[in-house]
Amino acid sequence: MLLSWLRARRRRKLLAEPFPLRWEAFLAKNVGHYRRLAPAEQAKLRDVARVLIAEKTWEGARGLYVTEEMKVTIAADAALLLLGADHDYYARVDSVVVYPGKFRTPQRDDDWEDDELSDFEADGQAVYRGPVILSWEDVIAEAPDPDGGYNVVVHEFAHQLDFLDNLVNGTPPLGDRGLEARWRYVMTVAFEDHRRALRRGDETFFTDHAAENETEFFADASEAFFCRPADLEGENPEVYRLLAAYYRVEPLRWFPG
Ligand SMILES: [Zn+2]
């Protein structure tokens, strides 16, 4: 109780300060989504990003010094996922670890036939009840271009939303019976369709990675929702509408035409 009261007071104080101008410059330069948001969404994004910057531990790996620019860029993209949702600032994530470039991840145990991941250099990783780990080189290659279609920060923070209910199953806590039922149906069908298409060797909209398990599918679909909304809507309108109901934003509006 006391802790949450103190935290709320600290956040109010933080957000009463004006947003630093040099941070605004980082948003303009590095966060491609930012200029497309409605003014109220931009204000919300700035607030969420500031809390994430203040409350998370930011750690550089392999000798990297994590600059303000890195923090603002990463926190702003992570804030995209929280613009419309009820949230507690990724409460399970204590720290964000930033590598200068790609890094090796420990072997992952999953049931997908060819597990080549252990030999793979990752650009990001979300650790269950642990940090988000990112390659800055990849973050800065993707974040400035909202039309690029990919965003590793969005992908990894979507995993952290999935993990919030202590289940790694591609379903974040939804808090709504109707949405839960719809989620199970729409996501299961879309995931199975995707796996079948890959097995047949068809060209697929979702990535190969998304076929590994439900949490990868949710993270990949979230990335598409925020970065390729029109394509996702065209490919699978049910998944688009479901994610719009969950995230409570309409990225189609940010990508006219
Ligand atoms: Zn993933």
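For the sequence shown, numbering that gives the first Met the number 0 gives the first residue as 0, with consecutive numbering after it.
The beta carbon of each residue, even a glycine, is placed where N, CA and C say it ideally should be.
State the start and end residues of the unbroken beta strand (DSSP E) segment that holds Ala42.
That residue, Ala42, is in no beta strand (DSSP E); its alpha helix (DSSP H) goes Pro38 to Glu54.
If we call anything under 8 Å between Cβ atoms a contact, is Arg227 one with Ala84?
no
Do Val30 and Val65 come within 8 Å of each other at the CB atom, strictly closer than that value?
Cβ distance not < 8 Å, so Val65 and Val30 don't count as in contact.
For Phe18 versus Arg35, is the C-beta spacing smaller than 8 Å?
no
Any residue with its C-beta under 6 Å from a non-hydrogen atom of ligand 1 counts. Can you list them all in chain order?
My final list is His154, His158, Glu215 and Ala218.
Count the other CB atoms, across all protein chains shown, that sit within 10 Å of the CB of Trp4; report buried if there are 16 or more and exposed otherwise.
Exposed.
If I follow the unbroken alpha helix (DSSP H) through Ala7, where does it start and stop?
It spans Leu1 to Ala15 - the alpha helix (DSSP H) in which Ala7 sits, taken as one unbroken run.
Decide if Leu81 is buried, meaning its Cβ has at least 16 other Cβ atoms within 10 Å, or exposed.
Counting the other Cβ atoms within 10 Å of the Cβ of Leu81 gives 16 or more, which makes it buried.
So, with DSSP's three-state summary, where would you put Leu231?
helix
Alpha carbon to alpha carbon, how far is Ala74 from Trp22?
11 Å
By how many angstroms is the C-alpha of Arg10 removed from the C-alpha of Ala24?
Rounded to whole angstroms, Ala24 to Arg10 spans 23 Å at the Cα level.
Which residue marks the beginning of the alpha helix (DSSP H) containing Leu133, and which one marks its end?
That residue, Leu133, is in no alpha helix (DSSP H); its beta strand (DSSP E) goes Val131 to Ser134.
Find the nearest neighbour of Lys70 within the set Val95, Tyr89 and Glu234, judged by alpha-carbon distance.
Val95
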